[in-house]
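**Q** In my numbering, the protein residues as written are 15 to 592. Just passing along the structure, written as structure tokens.
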Ligand SMILES: Cc1cc2nc3c(=O)[nH]c(=O)nc-3n(C[C@H](O)[C@H](O)[C@H](O)COP(=O)(O)OP(=O)(O)OC[C@H]3O[C@@H](n4cnc5c(N)ncnc54)[C@H](O)[C@@H]3O)c2cc1C
């Protein structure tokens, strides 16, 4: 069913087993798990899928070695296991990530780490080689016998400086261990939604639909594209609104204070020397203020982050000048000979971690674990329970979703039919395990679709094995390369418009593609895409103009990209629609 068919079906059939509010990774993961278990489930998201915290991550599939010193052993063990599963189940977008830790002290932190573990110290002295070694040994143990990724290694100062030409000579060691890089988190989320809908016709996901109220047995939804409202009668409501969980509960008359969010920002820079200097390694290290920060290879760009600042309202999160200065400084500390300036920034973003409200003295001490808070019974005026999904990480979404699904199935008196542990995701299904196999798949696909090998290589990189369906579609009609975007063709865009729930132009630029994040957007591109998407989605000229203005405003307001002057007049009109 397409969007309008789903909505009109809701008008006629408002009874549903599970309503999930919030289409970030935790809502989407739960949606997929319920769907494969045959449950009728609706997911609603007030913006686009994966546009909240889930679009603001550091792109790491990681166990979180840092959490060991907070004593979060369960979380680290679970996250390492889930990292391995992501590498196995979504190999098209999650890749092994060699991670280098530059170390500036040998013995520091030895006395402080146990104190921190006992919560007697807020900020340890710098973590030295020995403490880091202990952490990495434990991390290797959690990786288990499967050895999805290699064990860690330590390198002397001499070896390190020989390998990393631009590295600060003040280091005493480097350590290398492996995590995972989630290269396109937003695409992975869409893959999960499409998988869920394809196995269960009673699993439906709608973006740009908000939950705006509810009482007794009824929930009120609003279509954000038309303002039309819908009543729904769920047996169970799952509040997966991330940093907005308490705001969402309030709309149901439930006064909760589950979330104490912290803001984190990142910048993406275009700097050929820095990109070359880090190779395929992430640099993950402790900054002067004790915060763990990262310099991360993101295609041909470099991602730098992040901060951890308590905030009251998630809508206020913006990457500030102060944060940008901090990111530039931390990069200069590790690579002092490379000149990185604001001129190199091509994109910036910010999001709020939906952490549990806590009395911890520093943001880094707040637990990164997840929990399900259940509200039911007489003190609510609702006839169904509400499960709020507090916390969670991108990496451990599957495990968290499994726990939520088990609880929901028990409540609905249903038993689990399938588990998602080894379930491959979207274009990760049948993804080639080595470059030779990839080459063979591309050659045979090129032979029967007529699409050039170079194009297919790009499609595999973007969509994994879904490249096959897309290439077949591209071959089914007249196609041409876009003028402003030579690595896309018109029919590829039309395919995405029709199959990937795109409602606005920015959905494509920010979340179905990496174009905005990698700083590739030009005004000409925005105009051409508005036309291509608009023709596929039936937009009139006025709508196309409004979409261009809306996109440019979002890019300027939230991502620091300069707004061309000839669009300023249209912007104020679209501001209300954001
Ligand atoms: C700066 C930063 C860096 C991070 N780095 C990593 C990392 O490297 N690795 C990792 O594993 N994790 C990382 N995380 C953590 C991870 O990204 C989050 O924990 C996770 O994305 C939370 O997902 P969620 O689905 O709970 O919340 P969200 O993604 O915020 O989803 C909630 C959704 O609910 C919607 N919503 C709210 N109210 C309503 C309503 N009334 N009706 C309908 N929809 C509504 C919102 O629009 C939103 O899209 C990071 C987080 C941040 C912020």
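Cβ coordinates follow ideal geometry from the N, Cα and C atoms, glycine included.
1) For residue 449, does the three-state DSSP call read helix, strand or coil?
2) Mind checking who residue 55 pairs with in its DSSP beta bridge?
3) Counting Cβ pairs closer than 8 Å, one from the segment 272-279 and one from the segment 357-369, do we hit at least three?
4) Hey, would you say the C-beta of residue 593 is under 7 Å away from at least one heavy atom of ligand 1?
5) Cβ of residue 403 within 7 Å of any heavy atom in ligand 1?
6) Since residue 191 and residue 113 should fall inside the 8 Å C-beta cutoff, what is the C-beta to C-beta distance between them, to a whole number of angstroms?
7) Under three-state DSSP, which class holds residue 294?
8) I want to check one thing, is the minimum distance from the CB of residue 325 to the heavy atoms of ligand 1 below 7 Å?
9) Mapping DSSP to helix, strand and coil, what is residue 225?
10) For residue 544 versus residue 556, is the C-beta spacing smaller than 8 Å?
11) Within 10 angstroms of the Cβ of residue 32, are there 16 or more other Cβ atoms? Answer buried if so, exposed if not.
12) Within a Cβ cutoff of 6 Å, which residues of the same chain sit near residue 143, ignoring the five residues on either side of it in sequence?
13) Examine ligand 1 and report whether any of its heavy atoms sits within less than 7 Å of the Cβ of residue 59.
14) With distance defined between alpha-carbon atoms, name the residue in 348, 313, 365 nearest to residue 334.
15) I need the DSSP call for residue 189, collapsed to helix, strand or coil.
16) Using 7 Å as the cut-off, classify the Cβ of residue 40 as near or not near the heavy atoms of ligand 1, replying yes or no.
17) If you pair each beta-carbon of the segment 194-213 with each one of the segment 44-62, do three or more pairs fall below 8 Å?
18) Would you grab the beta carbon distance between residue 29 and residue 218 for me? Rounded to a whole angstrom, and I think it's under 8 Å.
19) Identify the residues that DSSP records as bridge partners of residue 230: which are they?
20) Taking residue 162 as the reference, which of 202, 102, 241, 359 has the closest Cα?
21) Could you tell me the distance, in whole angstroms, from the CA atom of residue 446 to the CA atom of residue 479?
22) Quick check: the Cα distance between residue 312 and residue 295, rounded to an integer number of angstroms?
23) Assuming contact is defined by CB atoms lying nearer than 8 Å, are residue 484 and residue 496 in contact in what I supplied?
24) Is it true that the CB of residue 467 sits closer than 8 Å to the CB of residue 488?
25) Please identify the residue among 349, 81, 180, 212 whose C-alpha is closest to the C-alpha of residue 3.
26) Just list the alpha helix (DSSP H) runs in the segment 228-290, keeping only unbroken ones of 4 residues or longer that don't cross its boundaries, in chain order.
27) Residues in the same chain with beta-carbon distance under 7 Å from residue 171, minus the five sequence neighbours each way, listed in chain order, please.
28) Does the Cβ of residue 15 have 16 or more other Cβ atoms within 10 Å, making it buried, or fewer, making it exposed?
29) Taking 7 Å as the cut-off, does the CB of residue 224 come closer than this to any heavy atom belonging to ligand 1?
30) Do the segment 403-419 and the segment 84-93 meet, that is, are 3 or more Cβ pairs less than 8 Å apart?
31) Classify residue 590 as helix, strand or coil using the three-state DSSP reduction.
32) May I have the straight-line CA-CA distance separating residue 590 from residue 63, to the nearest angstrom?
33) What is the residue span of the beta strand (DSSP E) that residue 170 lies within?
34) I'd like to confirm something about residue 257: is its beta-carbon nearer than 7 Å to some heavy atom of ligand 1, or not?
35) Measuring from the CB of residue 73, is there a heavy atom of ligand 1 at a distance below 7 Å?
36) For the candidate residues 261, 305, 107, whose alpha-carbon lies nearest to that of residue 442?
**A** In this structure, then:
1) Here residue 449 corresponds to residue number 435 of the chain shown, with the count starting at 1. Of the three classes helix, strand and coil, the one that applies to residue 449 here is helix, per DSSP.
2) Numbered from its first residue, the chain shown carries residue 55 at position 41. Answer is 32, 217.
3) yes
4) In the structure displayed, the chain extends from 15 to 592; residue 593 sits before or after that span and is not available.
5) Stepping through the chain shown from its first residue, residue 403 is reached at position 389. At least one heavy atom of ligand 1 is nearer than 7 Å to the Cβ of residue 403, so yes.
6) Sequence index remark: in the chain shown, residue 191 carries index 177 (1-based). Sequence index remark: in the chain shown, residue 113 carries index 99 (1-based). At roughly 6 Å, the Cβ-Cβ gap stays under 8 Å, so residue 191 and residue 113 are in contact.
7) As a working mapping, residue 294 is identified with position 280 in the chain shown. Coil.
8) On the chain shown, position 311 is the one that residue 325 refers to. The answer is no for residue 325.
9) Residue numbering aside, residue 225 sits at position 211 when the chain shown is read from its first letter. DSSP places residue 225 in strand when its eight states are reduced to three.
10) As a working mapping, residue 544 is identified with position 530 in the chain shown. As a working mapping, residue 556 is identified with position 542 in the chain shown. No. Outside cutoff.
11) The sequence position of residue 32 within the chain shown is 18, counting from 1. Its Cβ being crowded by 16 or more others within 10 Å, residue 32 is buried.
12) Reading the chain shown from its first residue, position 129 is the one you call residue 143. Answer for residue 143: 117, 120, 187, listed in chain order.
13) For this step, residue 59 is matched to residue 45 along the chain shown. Checking every heavy atom of ligand 1 against the Cβ of residue 59, one is found closer than 7 Å.
14) Taking the first residue of the chain shown as 1, we reach residue 334 at position 320. Of the candidates 348, 313, 365, the one whose C-alpha sits nearest the C-alpha of residue 334 is 365.
15) In the chain shown, counting from the first residue as 1, residue 189 sits at position 175. The answer is strand: DSSP assigns residue 189 an E or B state.
16) As a first step, residue 40 must be located in the chain shown, where it is residue number 26. True, at least one ligand heavy atom lies under 7 Å from that Cβ.
17) yes
18) The sequence position of residue 29 within the chain shown is 15, counting from 1. The sequence position of residue 218 within the chain shown is 204, counting from 1. Going by Cβ atoms, the distance from residue 29 to residue 218 rounds to 14 Å, so no, they are not a contact pair.
19) As a first step, residue 230 is located in the chain shown; it is residue number 216 there, counting from the start. Per DSSP, 396.
20) On the chain shown, position 148 is the one that residue 162 refers to. The residue with the shortest Cα to Cα distance from residue 162 is 102.
21) Counting from one through the chain shown, the residue named residue 446 turns up at place 432. Counting from one through the chain shown, the residue named residue 479 turns up at place 465. Approximately 8 Å, taken between the alpha carbons.
22) Stepping through the chain shown from its first residue, residue 312 is reached at position 298. Stepping through the chain shown from its first residue, residue 295 is reached at position 281. Taking the straight line joining both Cα atoms gives about 10 Å.
23) The residue given as residue 484 occupies position 470 in the chain shown. The residue given as residue 496 occupies position 482 in the chain shown. Not in contact: residue 484 and residue 496 (Cβ atoms no closer than 8 Å).
24) One-based indexing of the chain shown puts residue 488 at position 474. One-based indexing of the chain shown puts residue 467 at position 453. Cβ distance not < 8 Å, so residue 488 and residue 467 don't count as in contact.
25) Past the boundaries of the shown model lies residue 3; the chain is included only from 15 to 592, so the question cannot be answered.
26) 259-264
27) Indexing the chain shown from 1 puts residue 171 at position 157. Same-chain partners within the cutoff: 185, 186, 187.
28) Sequence index remark: in the chain shown, residue 15 carries index 1 (1-based). Classification of residue 15: exposed, given that the 10 Å Cβ count is below 16.
29) Start at 1 with the first residue of the chain shown, and residue 224 comes out as number 210. Answer for residue 224: yes, Cβ within range of ligand 1.
30) yes
31) Here residue 590 is taken as the residue at index 576 of the chain shown, counted from 1. Confidence is the limiting factor: at residue 590 the pLDDT is only 47, short of 50, which leaves the residue's position unreliable, though a coordinate-based value still follows. If DSSP states are grouped into helix, strand and coil, residue 590 belongs with coil.
32) For this step, residue 590 is matched to residue 576 along the chain shown. For this step, residue 63 is matched to residue 49 along the chain shown. With a pLDDT of only 47 at residue 590, under the threshold of 50, the placement of this residue in the model should not be trusted, and no figure is reported.
33) Position 156 of the chain shown, counting from 1, holds the residue named residue 170. 167-170 is the extent of the beta strand (DSSP E) around residue 170.
34) By 1-based counting over the chain shown, the position of residue 257 is 243. For ligand 1, at least one heavy atom lies less than 7 Å from the Cβ of residue 257.
35) Position 59 of the chain shown, counted from the first residue, corresponds to residue 73. It does: the Cβ of residue 73 is within 7 Å (strictly closer) of some heavy atom of ligand 1.
36) The residue you call residue 442 lines up with position 428 of the chain shown. The residue with the shortest Cα to Cα distance from residue 442 is 107.
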